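Participant: Let me begin by handing over the structure; questions about it come next.
Residue numbers (our numbering): 1016 to 1249.
Encoded structure:
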C-alpha cells in the first residue's frame, strides 16, 4: 500500500548494486549518527566543535583542528565539484536530470559563497568530523545524480512533481540565504558571541534535539515552550 502510493510520484529504485549499497550505507549511517547525537557524541563542528575533547593529551589522541571557514569549504566543495562535473559526464540528460544537476550545483555553490562572503564564524572544526560530513555530502550528491541518470527512459510517475519541486526548491534556497544573511548581521565589529535570532521563521531554531539542548544550556531566556520539531505541534 505505502509502496504503491510512493510510486505514484517517484521512480522505482534502479537495478544498480552501487545505488542499493549506498542506500543501505546511508540509512545505517543516519541511524548511527542519530543515536550518537542522543548520547551526546556530536560531530565536532559549528556549535559543537569543542564538546567532545580528547580525554588525554597523548599524541595518539590529539585532534587536527581547522578554522570554521576552511572546514566548511572542505565540507561543501567536493560535492559542488561533483555536481558541476555532472554536466560534462551526462551532457544529454533529460529535463529531470538537468533540474537535479542544477539544484545540487546551485545548492553547494550557494554554500561555498556564504562561507566565503556571508558567514561570520567564531569556532573551529575537527578534521575527523569534517571528513565524515564531506564524504556524506559527496556520496549523496553522486548517488542522486547517478540514480536519476539510470531512471532516464523510464515512464514518468503518474503525479509529476518536477516543476512544483523546482519552485519549492527556489523558495527554500532564497529563504535560506536570506536568513543566513540576517544571522551574519547579528555579529558586528569582530563579535564572536552567539545570540538568539528572532523574527521571520527564526521561531524554528532549535529544531534538532542537540541544538535545542545547546540553546537551553547557553541562554536562560531561550523559550522552553517552543514547538519546532513539528512546527507549532511538537
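All C-beta atoms, glycine included, are put in the ideal place defined by N, C-alpha and C.
Quantities reported herein were computed from a predicted structural model and do not represent experimental measurements.
(1) Under the three-state reduction of DSSP, which class applies to residue 1031: helix, strand or coil?
(2) So which of 1098, 1112 and 1080 has the shortest CA-CA distance to residue 1145?
(3) Which residue wins for smallest C-alpha separation from residue 1164, given the options 1106, 1135 and 1183?
(4) How close, in whole Å, do the beta carbons of residue 1209 and residue 1152 come, if the pair is a contact with beta carbons under 8 angstroms?
(5) Leaving out five residues on either side along the sequence, give the residues of the same chain with a beta carbon under 7 angstroms from the beta carbon of residue 1166.
(6) In three-state DSSP terms, what is residue 1205?
(7) Between the alpha carbons of residue 1171 and residue 1093, how many angstroms are there, rounded?
(8) Go to residue 1080, then tell me how far its alpha helix (DSSP H) extends in each direction, as first and last residue.
(9) Does the distance from the CB of residue 1134 to the CB of residue 1199 come in under 8 angstroms?
(10) Could you tell me which of 1191, 1085, 1038 and 1042 sits nearest to residue 1161, measuring between CA atoms?
(11) Is residue 1147 helix, strand or coil by DSSP?
(12) Whole beta strand (DSSP E) runs in the region 1081-1125 with 3 or more residues, listed along the chain?
(13) If you count every other CB in all the chains shown that lies within 10 Å of the CB of residue 1082, and 16 or more means buried, which is it?
(14) Considering only C-alpha positions, which residue in the set 1188, 1174, 1137 and 1132 is nearest to residue 1206?
(15) Using the beta-carbon count (16 or more within 10 Å), is residue 1032 buried or exposed?
(16) Going by CA-CA distance only, name the one from 1185, 1159 and 1142 that's closest to residue 1116.
(17) Verify whether the separation of the beta carbon atoms of residue 1184 and residue 1098 is less than 8 angstroms.
(18) Would you mind reading off the limits of the beta strand (DSSP E) that contains residue 1139?
(19) Helix, strand or coil, according to DSSP, for residue 1166 in the structure here?
(20) Quick one, which of 1154, 1204, 1108 and 1088 has its alpha-carbon nearest residue 1131's?
Facilitator: Result, derived from the coordinates:
(1) Coil.
(2) Nearest C-alpha to residue 1145: 1080.
(3) Of the candidates 1106, 1135 and 1183, the one whose C-alpha sits nearest the C-alpha of residue 1164 is 1106.
(4) That pair is no contact at about 25 angstroms.
(5) 1026 and 1029
(6) coil
(7) 31 angstroms
(8) Element bounds for residue 1080: not the alpha helix (DSSP H) but the beta strand (DSSP E), 1080-1082.
(9) yes
(10) 1038
(11) helix
(12) none
(13) exposed
(14) 1137
(15) Exposure of residue 1032 is indicated by the presence of fewer than 16 other C-beta atoms within 10 angstroms of its C-beta.
(16) 1159
(17) no
(18) 1139-1141
(19) coil
(20) 1088
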